[in-house]
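Input: a single structure, listed below in structure tokens.
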Amino acid sequence: MIPYGRQDISPADISAVLEVLNSDYLTQGPMVPLFEQTVSSYCGAGHAVAVNSATSALHIACMAFDLGPGDWLWTSPITFVASANCGLYCGAQVDFVDIDPRTYNMCVEKLAAKLVAAEKQGRLPAVVVPVHFSGQSCDMEAIHRLSRQYGFKVIEDASHAIGAIYKGEPVGNCRYSDITVFSFHPVKIVTTGEGGMALTNDPELADRMLRHRSHGITSEQEQMHARPADEIWNYQQIRMGYNYRMTDIQAALGVSQMQRLIPFIERRRLIAARYDREFADLPLQTPWQHSDGNSSYHLYAIQLQIDALRKTQIQVYEELRAAGILVNLHYIPVYRQPYYEKMGFGQGYCPNAERYYKQALSLPMYSAMTDEQQGLVIATVRQVLA
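For the sequence shown, numbering that gives the first Met the number 0 begins at 0 and goes up steadily by one.
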């Protein structure tokens, strides 16, 4: 069986975790700040807040903006549900902006048109969450310009995109956003088992997110409220927060994994280039790369040219999986999920996203995949599509 994605764990990774297990701190020790510094330095961001998942990172990012009832959060429909759910956690309402049919990212033209209409209706978003699908950056410079014009905050959902490049710089530097979020789930490029991180250049946002990740508690004297001098107050809860902390065990794995980020990305790009060459004559569309950046290739998502095939998308999906090629589908449009349909969303709400969904498959893509394994994937795809 060849999965669509998997972790790449080295002896050095295992050694790093064992060192923490033999130390005095399993959590709230020195490794989490080191991991935060490692990622923020690589990306060129001023601050980083590590948490137990990218979903938690999205949530505390929204909380840092005081997103709440009466507010709107907009995101892409082609993403994992967490990109939208983070708005609902805060009591806000959620809407979706259709995708660009080439990049599968949020379409800037659709966003601009939707903003014009929303301004007339008095329903402008407080937060927009562009998603860097499969590791390719959205057109962040254009989205940033719109944020200045219409007054919304930008949270980059870069869960797929650590190691990606946009306009010659690393994704995560927050040049065109307020906050960037990474995921370290096992199928992602770098893993901490479960984990996530929020990066920002704004020290106030960073401090708010630090409080939100740990019960809203502070031990900083300058942040604490006055209390009687004869009482011990070595911590105070000053805002609402959650237990979203990352452990030192996870952070140690992350620090070790970051040492191989560049080789991971280089290997993924080689795998993608080989897929591109081998599939050039098949009735499918390979991923398109915008000249503004360089994808980190968390996913390799193809679109089947159904009209040229004698098989349906479901048939291709089932035949590949039956042959041991565990392809997946990223993603079902979020608004098609039953929970969101109850809010009034329906089929056809974002036409580009719907067309993509009905033709897409994600092929195996992970740095530890061997040439032989990729060769088997290629041969099987060719056979199934013949």
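For glycine and all other residues, C-beta sits at the position ideal for the given N, C-alpha and C. No experiment lies behind these values; they were computed from the predicted model shown.
Using the C-alpha atoms, what's the distance from residue 18 back to residue 5? 24 Å
**Asked** Which first and last residues belong to the alpha helix (DSSP H) in which residue 151 is found?
**Response** Neither: residue 151 is in no alpha helix (DSSP H) and is coded neither H nor E.
**Message:** Going by DSSP, what residue range makes up the alpha helix (DSSP H) through residue 384?
**Reply:** 370 to 384
On the DSSP bridge assignment, give the partners of residue 293 in chain order.
164
>> Short of 6 Å in beta carbon distance, which residues of its chain neighbour residue 160, apart from the five on each side in sequence? Order them along the chain.
In response: 131, 134, 170 and 295
*alpha helix (DSSP H) segment containing residue 211, residue limits*: 202 to 212
Next item on the list: Take the Cβ of residue 21 as the centre, count every other Cβ of all protein chains shown within 10 Å, and call the residue buried at 16 or more, exposed below.
Entry: exposed
| task | Give the DSSP-derived three-state secondary structure of residue 129 in the structure shown. | result | coil
The beta strand (DSSP E) enclosing residue 182, as first and last residue numbers:
178 to 182
Which residues bound the beta strand (DSSP E) around residue 46?
-> 46 to 50
*Run of the beta strand (DSSP E) containing residue 188, from where it starts to where it stops*: Segment: none, residue 188 is in no beta strand (DSSP E) and carries neither H nor E.
Cβ-based burial, residue 243 [other Cβ within 10 Å; buried from 16]: buried
**OP:** Alpha carbon to alpha carbon, how far is residue 165 from residue 293? Give it in angstroms, no decimals.
**Re:** 7 Å
- Query: DSSP beta-bridge partners for residue 92?
  - Reply: 71
Closest Cα partner of residue 304 within the set 73, 315 and 206:
315
- Query: So, helix, strand or coil for residue 299, using DSSP?
  - Reply: strand
query: So, residue 53 versus residue 181, is the Cβ gap smaller than 8 Å?
result: yes
**Q.** Distance between beta carbons of residue 250 and residue 48, contact taken as under 8 Å
**A.** Between residue 250 and residue 48 the Cβ distance is about 12 Å, and since that is not below 8 Å, they are no contact.
Do residue 103 and residue 142 have their C-beta atoms closer together than 8 Å?
-> no
Bridge partners of residue 156, per DSSP? 130 and 180
Item to check | residue 1 and residue 352 closer than 8 Å at C-beta | outcome: no
> Do you know how far the Cα of residue 272 is from the Cα of residue 114?
Replying inline: 37 Å
With DSSP run on the structure shown, which of helix, strand or coil describes residue 13?
-> helix
* Would you report the Cα separation of residue 9 and residue 252, rounded to the nearest angstrom? -> 10 Å
| message | Going by C-alpha to C-alpha distance, which of 324, 335 and 362 sits closest to residue 350? | response | 335
Give me whichever residues DSSP pairs with residue 244 in a beta bridge.
-> 50
Indicate whether residue 260 and residue 189 have their beta-carbon atoms separated by less than 8 Å. yes
- Query: Among the residues of its own chain, which have a CB less than 7 Å from the CB of residue 285, if the five just before and after it don't count?
  - Reply: 274, 275, 278 and 301
Answer with buried or exposed for residue 179, where buried requires no fewer than 16 other C-beta atoms within 10 angstroms of its C-beta. buried
Quiz item: Can at least three beta-carbon pairs, one atom from the stretch 81 to 96 and one from the stretch 227 to 247, be found at a separation below 8 Å?
Solution: no
Q: Measure the CB-CB distance between residue 85 and residue 46 and report whether it falls below 8 Å.
A: no
Given that a residue counts as buried once 16 or more other Cβ atoms are within 10 Å of its Cβ, and exposed if not, what is residue 233?
exposed
*Which runs of the beta strand (DSSP E), 3 residues or longer, sit entirely within the stretch 92 to 125?*
92 to 95
Check your understanding: Counting pairs of beta carbons, one from the stretch 62 to 77 and one from the stretch 216 to 224, are three or more of them closer than 8 Å?
Key -> no
**Study point:** Option nearest residue 138 by Cα separation, candidates 375, 175 and 341
**Key:** 175
Where residue 231 falls: helix, strand or coil (DSSP): coil
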